[in-house]
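**Q** Have a look at this one.
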Amino acid sequence: MELIEPIYQYAWLVPVLPLVGAAIVGTGLISYSQTTSTLRRPSAVFIVSLTGAAMVLSFLLFFSQVQGHEVYTRTFEWASAGDFKLTMGYTIDHLAALMLVIVTTVAFLVMVYTDGYMAHDPGYVRFYAYLSLFSSSMLGLVISPNLLQIYVFWELVGMCSYLLIGFWYGRDGAADACQKAFITNRVGDFGLLLGMLALFWATGSFEFDVMGERLTALVENGSLTAGVATIFAVLIFLGPMAKSAQFPLHVWLPDAMEGPTPISALIHAATMVAAGIFLVARMFPVFEDLPTVMTAIAWVGCFTAFMGASIAITQNDIKKGLAYSTMSQLGYMMLAMGVGAYGAGLFHLMTHAYFKAMLFLCSGSVIHGMEEVVGHDPLLAQDMRLMGGLRKYMPITSATFLVGTLAICGIPPFAGFWSKDEILGSTFAVSPVLWAIGWLTAGITAFYMFRMYFSTFEGEFRGTNKEIQTQLKREQLMAMGASLGPGAMNPQELTLDAEAEHGEDHHAATPHESPISMTLPLVALAVPSVLIGLVGTPFVNYFEAFIHPPSEEVEALLPWSEAFAEFEWSEFILMAGSSVGIGLIGISLAILMYAQKKIDPAAIANQIKPLYQLSKNKWYIDEIYDAVFVKGCRGLAKQTLTMDVRIVDGIVNLAGFVTLVTGEGLKYLENGRAQFYALIVFGAVLGLVLVSGIT
Amino acid sequence: MDFTNLASQLNAGIILPEGIVVATLLVVLVGDLIAGRASTRWTPYATMAGLSLAIVALIYQWDTATPLSFLGSFMGDDLSIVFRGIIVLSAIATVPMSIRYIEQSGTSLAEFLVIMMTATLGGMFLSGANDLVTIFVALETLSISSYLLTGYMKRDPRSNEAALKYLLIGAASSAIFLYGMSLLYGLSGGKMKLLEISQSFVAADSDAPIGIIVALVFVIAGIAFKIAAVPFHQWTPDVYEGSPTPVVAFLSVGSKTAGFALAIRLLVAVFPVVSEQWHFVFTALAILSMVLGNVVALAQTSMKRLLAYSSIAQAGFLMIGLVVGTEAGYSSMIFYLLIYLFMNLGGFTCVILFSLRTGTDQISEYSGLYQKDPLLTLCLSICLLSLGGIPPLAGFFGKLYIFWAGWQAGAYGLVLVGLVTSVISIYYYIRVVKMMVVKEPQEMSDAISNYPEVRWDLPGLRPLQVSLILAVVATSLAGILSNPLFTLANNSVSHTPLLQAAIDQQQAPKAVVPPVATIAPAVTSVAQR
Amino acid sequence: MIPLEFYLLLAAALFCIGIYGLVTSRNVIRVLMSIELLLNAVNINLMAFSNYLDPATATGQVFTVFVISIAAAEAAVGLAIVLAIYRNRDTVDMEEFNLLKW
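Residue numbers (the working numbering), protein chains in the order written: chain L, 193 to 887; chain E, 23 to 551; chain A, 142 to 243.
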């Protein structure tokens, strides 16, 4: 134990190490741009090893927490004025330790993977600097002891995400996507900030448990109505809603896939989007006594889960499909939080982090392989209609993807089974309706994931099929023309560009397996994807014993044999059986439709055309937002503008104008003649004597 | 009276830091005489080392038991230590800026350093001066060296003109100041020590006689000239524009700090009888400085003039702390000075670097700098935004503290003027930043399109780079990690009996017992020890 | 014995003359001389106070010595600057020195 104390004292190093890496490489990039850019390998090794060190430290902290070390909090006063005090610092408790391990392992593996994926990108070093900065902010968020500090890091991870989505800022899609992400997140963050300040106003604290206690007390003694408290909590919840892509603030996540794939894996699947869940978990003391809020959270989560899954069915872009699946899974976690299944939600967060990161990295590997065949055009390289039969060429990728697919579908004994089953079980206890939707979603999930697997890895390779390629291009042009309208981009130019590009490229006929630096992280992530679920089996739930809400006491764990004996098998089998059952139905459907082609998906799509279109167009959410918010705002803005120009602007401009003119005018008092200055000095002295003598 | 007794009465150890500066000055001067041109290689470093040593000596004198030395002529209390520290730091920071600048102009570096150290010495003595003669001599040491520094570019008519204007206005205002001091001497019946003067005023017990008010205004004229408060500011833009930029950097921080040290000591110690009047005068000066400084800065086209008006405005903000006269007021002022040191010197370092590379100071020439020199753009942006008070940079916290202290003390009008004018100030700072980061190549200015390749290995640029990075890091982090500076500022105020007495008086304005009577015994007992 | 007020009035008058000269002279040298007048007015003040109020310690006289020596230094620096400016501009007319303005 003596050995472990220094580790706690130096726990702040966990976020600081990656920050140092980012700072050093970043400074290098700013001041010696060329030199640093050529030092690709050394920079990468430097940053990866710093992250590795942070990972080791996190594991040590985690193990000591598992062994029952008490919560360690260290704070220092950051600013104080009278009774107003702000503290900063870090706290290591069970939740923080768990999150540290998740974030550092995924970040570490993603960084290793990046070396292969970005090998030919000119922004290689910059990418590492951003990645490191992101890891640092995320780790800082995880160990924050109070809401204020969380908010600071919350904004930082948001900024990193913005930078990384727009990493290829040359691409129009990326530039638009990062703005969309930014604006959507601002909406949520604004709510979070308001809620945070309101809670501080009400409770006088930024500490989670203090806030929860005082809020409950305030509501009980009637100085704050439950309605107001609920509004505060809902405002807070807006933050997680945007960050974790919950309906209706989910629109940014699929577009965020414009960023490089490692980013999608790290930020938009495993860590940052989970920050919302994490915050809800941290704010649990506040939320749990407000039943309305809990119900709202559960419904939002459930609806998001269903919607994400339903959209994922029809996506052709492999990354978009995974993005919607992420959204759906985040919905599950939110659902778990909403029904009070704190442990289950975080358990799913952990399992999902591993298998979804792996799935994304697999998709990256596939795209990497496809680029050899179809060129560096995301439109072609990411479309599943051009893939197929990749199992032959990329055995490791396909095997790991299959593992991930089985995990997400909830097939025992893979990780996803245990966590999803626990969520569904807890939901059933609260509301059968929610359970039913969740259960149905599980089936859809199994279907679309296997659809994805089959069209990517099975069947025959369609990558060289020029017909499909041209068809895809035409579709994109039509979409562009329709949505962007005239003037945005000349469609012909686009075609010509594409043609010209084609002439130069020398493409291989078949894709190849990715380099070892990419496949190794896949394999490494496959291990937890299979096994990690076993720590949270319903018989002996180690996870639940480790992670539980601060207010709850958990009874001691029974040894395995007794646990088996006392376990209520009938209920478990009913619940688990039903969810596995619907999973299997989904899989069978997928096999029939995409592997054996017994059923023609196109025929079904034609029969239920409205539904198909609804899913394909993402429930028309983007269009609705465009019509309501973007156009509405513009309309309103125009209305206001006319008002504004005449009155408000007039006044503001006048004030500014007067200031500027005064400045210009007064400037000429400075006429450059020393004697005039001296005169003013004497005059001022005289004036001051007179004025202060009289008063 | 034997020699040892005399020496112990003098308590000369208090001015050890000044002694170190004098020694360094002599070493540099003599070394330059012996080694000639070759001395440029080591003199700047010797200067920095000597000045750093002085800082160390200052640290050791913190909370000294017997701050009074030279029979009461010099006061080495914590307040003076903080101010002396800021002045020495500003001198240290000026050295690396000047190496390359002076070399490029083809004048002697060692002489420049010697004059600058003399000015530093004047400023340091001024911060602790406790009688009229010491104040005057220290003030003139600072002033005359500043005139020389201003005119250091002998061949440049603009530098000559700046020096001449500075000298004329400076001499005129110090004559006024001196006249005020002679009145003080007469009105107090022949006293020189600050506390004795105020004691005799209190003993006379007349209700704010016109003679004291005249003396007060005359003295304030001298102080206001040093801190460049409107309407005694008019030399500032001209002198800043014409002088060598490192000198401007020193003047804007070191000289101004010395002025504030003088203001606190003189006004608080001598004029409690007319405290209402001096607060009124300073309120007027503060409002005028904030408004005029910020408004006229909008219309500037030269970066140095812009910074001149900005420094006038900053002095206005600082005066809020002086006017409110509470504990928080004084310490917020010291805190802001500490932060101002970093951000202003950082800003000037960037301006120097830019003019070294392009040879111009026009704001319009900065457009498009980002594409050629991102590091410089980043640093200058950080410093300017900090001066403008954008969170989370240090300047924001400095302003916040000052405004908060003002609000607490009920100076609502001053704080409101401060808030409005700092919004105006953000406009002209942002304008420069915006200009630097314009994207389109055709908007690039001529100076930028001919921008030389960024090189740091030219002689004298390394130290510049190091000091720039340090200043920028301090500017970015000093706000977030402000506690040490904060504590320092607070302690320097709470450990200074002079200010404590004034604060007590401020808090109990109706108290019958005048404050001097309460602290004078304490001070004299210290003197007798 | 001449009353103290007479000296003070003389000093005040001298100070005002100095101010007048400082503000109106076109020749730089005359401006510098006016500054000397200002300082000497102060000296008279100090000497008078010293003799009438504080004859024992005579600190005012000591102060005067300091003022004189510093005035000398200031004049020296001022003349040096004038010399430099004359070399560059070939004039000592105050009206000509307005390169720096606005």
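No residue lacks a Cβ here, since even glycine has one placed at the ideal position from N, Cα and C.
All of these numbers come straight from a predicted model, not from anything done at the bench.
Counting contacts by CB-CB distance shorter than 8 Å, is L320/E in contact with chain A?
**A** Here residue 320/E corresponds to residue number 298 of the second sequence, with the count starting at 1. No, L320/E lies away from the interface with chain A (no Cβ there is under 8 Å from its Cβ).
**Q** Could you check what DSSP says for E862/L in three-state terms: helix, strand or coil?
**A** Counting from 1 along the first sequence, the entry for residue 862/L is found at position 670. DSSP places E862/L in coil when its eight states are reduced to three.
**Q** For W429/E and V437/E, what's the separation of their Cα atoms in angstroms?
**A** For the purposes of this step, residue 429/E is identified with residue 407 of the second sequence, where counting begins at 1. For the purposes of this step, residue 437/E is identified with residue 415 of the second sequence, where counting begins at 1. Cα to Cα, the separation comes out at about 6 Å.
**Q** Could you tell me how far apart the beta carbons of A182/A and Y201/E are, in whole angstroms, since I believe they sit closer than 8 Å?
**A** Position 41 of the third sequence, counting from 1, holds the residue named residue 182/A. Position 179 of the second sequence, counting from 1, holds the residue named residue 201/E. Right, their Cβ atoms sit about 7 Å apart.
**Q** What are the start and end residues of each continuous beta strand (DSSP E) run of 3 or more residues lying completely inside the segment 616-659 of chain L, in chain order?
**A** With a minimum length of 3 residues, no continuous beta strand (DSSP E) run stays inside the segment 616-659 of chain L.
**Q** Just checking: is the beta-carbon of A154/A within a distance shorter than 8 Å of some beta-carbon in chain E?
**A** Position 13 of the third sequence, counting from 1, holds the residue named residue 154/A. Answer no: the Cβ-Cβ gap between A154/A and chain E never drops below 8 Å.
**Q** Counting only beta-carbon atoms, is R318/L nearer than 8 Å to chain A?
**A** If you number the first sequence from 1, residue 318/L lands on position 126. R318/L does not count as touching chain A.
**Q** Residues in its own chain within less than 8 Å of N27/E by CB, not counting five upstream and five downstream?
**A** Counting from 1 along the second sequence, the entry for residue 27/E is found at position 5. Contacts found: none.
**Q** Closest by CA to A185/E, which one among A225/A, E236/A and T232/A?
**A** Locating residue 185/E in the second sequence gives position 163, where the first residue counts as 1. It is A225/A.
**Q** Which word fits L159/E, buried or exposed, when buried means at least 16 other C-beta atoms lie within 10 angstroms of its C-beta?
**A** Taking the first residue of the second sequence as position 1, residue 159/E is located at position 137. Residue 159/E is actually Val in this sequence, not Leu. Flag for V159/E reads buried.
**Q** So what does K215/E bridge to, in DSSP terms?
**A** Start at 1 with the first residue of the second sequence, and residue 215/E comes out as number 193. In the DSSP output, where bridge partners are listed per residue, K215/E has D153/E.
**Q** Distance, Cα to Cα, L781/L vs G602/L?
**A** On the first sequence, position 589 is the one that residue 781/L refers to. On the first sequence, position 410 is the one that residue 602/L refers to. Rounded to the nearest angstrom, the two C-alpha atoms are 16 Å apart.
**Q** Taking the straight line between their C-alpha atoms, what separation do you get for A523/E and A291/E?
**A** Translated into positions along the second sequence, residue 523/E becomes position 501. Translated into positions along the second sequence, residue 291/E becomes position 269. Approximately 10 Å, taken between the alpha carbons.
**Q** Using CA atoms only, rank isn't needed, just tell me which of Y524/L, L571/L and I335/L is closest to Q663/L.
**A** Indexing the first sequence from 1 puts residue 663/L at position 471. That would be L571/L, whose Cα lies nearest to the Cα of Q663/L.
**Q** Give every residue of the same chain whose Cβ lies closer than 6 Å to the Cβ of M644/L, excluding the five residues on either side of it in the sequence, and list them in chain order.
**A** Taking the first sequence and counting its residues from 1, one reaches residue 644/L at position 452. Counting only Cβ-Cβ distances below 6 Å, and skipping sequence neighbours, we find G513.
**Q** So, for A237/E: in the same chain, excluding its five sequence neighbours on each side, which residues have a beta-carbon less than 7 Å away from its beta-carbon?
**A** Translated into positions along the second sequence, residue 237/E becomes position 215. G202, L205, L206 and L209.
**Q** Along the segment 195-223 of chain E, where does the CB come closer than 7 Å to a CB of chain A? Name the residues.
**A** If the cut-off is 7 Å between Cβ atoms, the segment 195-223 of chain E has A197, L200, Y201, S204, Y207, G208, G211, G212 and M214 near chain A.
**Q** So, for L882/L: in the same chain, excluding its five sequence neighbours on each side, which residues have a beta-carbon less than 8 Å away from its beta-carbon?
**A** Translated into the one-based positions of the first sequence, residue 882/L becomes position 690. Nothing meets the Cβ criterion.
**Q** Per DSSP, I284/L is paired with what?
**A** Sequence index remark: in the first sequence, residue 284/L carries index 92 (1-based). For I284/L, which the question treats as bridged, DSSP gives the partners Y264/L.
**Q** Is the Cβ-Cβ distance between G493/L and L430/L less than 8 Å?
**A** Reading the first sequence from its first residue, position 301 is the one you call residue 493/L. Reading the first sequence from its first residue, position 238 is the one you call residue 430/L. No, the Cβ-Cβ distance between G493/L and L430/L is not below 8 Å.
**Q** Does DSSP classify Q31/E as helix, strand or coil?
**A** The residue given as residue 31/E occupies position 9 in the second sequence. Helix at Q31/E.
**Q** Return no unless some Cβ of chain L is closer than 8 Å to the Cβ of N229/A.
**A** Looking up residue 229/A in the third sequence gives position 88. With 8 Å as the cut-off, N229/A does not count as an interface residue toward chain L.
**Q** Taking 8 Å as the threshold (C-beta atoms), are A549/L and T302/L in contact?
**A** Taking the first residue of the first sequence as 1, we reach residue 302/L at position 110. Taking the first residue of the first sequence as 1, we reach residue 549/L at position 357. A quick correction: the sequence has Val, not Thr, at residue 302/L. Yes, the Cβ-Cβ distance between V302/L and A549/L is below 8 Å.
**Q** For a quick check, are the C-beta atoms of V296/E and V224/E less than 8 Å apart?
**A** Within the second sequence, residue 296/E is the residue found at index 274, counting from 1. Within the second sequence, residue 224/E is the residue found at index 202, counting from 1. No; because the gap between Cβ atoms is not below 8 Å, this pair is not in contact.
**Q** If the cut is a Cβ gap below 8 Å, which residues of chain L does K187/E touch?
**A** Residue mapping note: residue 187/E aligns to position 165 of the second sequence, counting from 1. Simply A866 and Y869.
**Q** Between W257/E and chain L, is there a C-beta pair that is closer than 8 Å?
**A** Taking the second sequence and counting its residues from 1, the one referred to as residue 257/E is at position 235. Yes, because at least one Cβ of chain L sits closer than 8 Å to the Cβ of W257/E.
**Q** Here's a check: name, in chain order, each residue in its chain whose Cβ is nearer than 7 Å to the Cβ of S590/L, leaving out the five neighbours to either side.
**A** As a first step, residue 590/L is located in the first sequence; it is residue number 398 there, counting from the start. Counting only Cβ-Cβ distances below 7 Å, and skipping sequence neighbours, we find L582, R583 and F649.
**Q** Would the beta-carbon of L858/L fall within 8 Å of that of V261/E?
**A** For the purposes of this step, residue 858/L is taken as the residue at position 666 of the first sequence. For the purposes of this step, residue 261/E is taken as the residue at position 239 of the second sequence. Not closer than 8 Å, so no.
**Q** So, helix, strand or coil for M526/L, using DSSP?
**A** Locating residue 526/L in the first sequence gives position 334, where the first residue counts as 1. In the structure shown, M526/L sits in a helix (DSSP, three-state: H, G or I).
**Q** Starting from S397/L, trace the alpha helix (DSSP H) both ways and give me its first and last residue.
**A** On the first sequence, position 205 is the one that residue 397/L refers to. Segment: none, S397/L is in no alpha helix (DSSP H) and carries neither H nor E.
**Q** Is there a Cβ from chain L that is less than 8 Å from the Cβ of L375/E?
**A** Residue numbering aside, residue 375/E sits at position 353 when the second sequence is read from its first letter. No, L375/E does not count as interfacial toward chain L.
**Q** Taking Cβ to Cβ, would you say V208/L is nearer than 8 Å to S235/L?
**A** Taking the first sequence and counting its residues from 1, one reaches residue 208/L at position 16. Taking the first sequence and counting its residues from 1, one reaches residue 235/L at position 43. In this structure, S235/L does not lie closer than 8 Å to V208/L by Cβ.
**Q** Which bits of chain L does L521/E rub up against, with CB to CB less than 9 Å?
**A** Against the second sequence, residue 521/E aligns to sequence position 499. What L521/E touches in chain L: nothing, since even the nearest Cβ is about 19 Å away.
**Q** Between the C-alpha atoms of D364/L and R379/E, what's the straight-line distance to the nearest angstrom?
**A** By 1-based counting over the first sequence, the position of residue 364/L is 172. By 1-based counting over the second sequence, the position of residue 379/E is 357. Their backbone Cα atoms lie some 36 Å apart in a straight line.
**Q** What residues in its chain sit with their C-beta under 6 Å from that of A255/A, if we drop five residues either side in the sequence?
**A** Coverage of chain A is limited to positions 142 through 243, which leaves residue 255/A absent and any answer about it impossible.
**Q** Across the segment 509-517 of chain E and the segment 88-95 of chain E, are there enough close Cβ pairs to call them in contact, namely three or more that are closer than 8 Å?
**A** The segment 509-517 of chain E vs the segment 88-95 of chain E: no contact.
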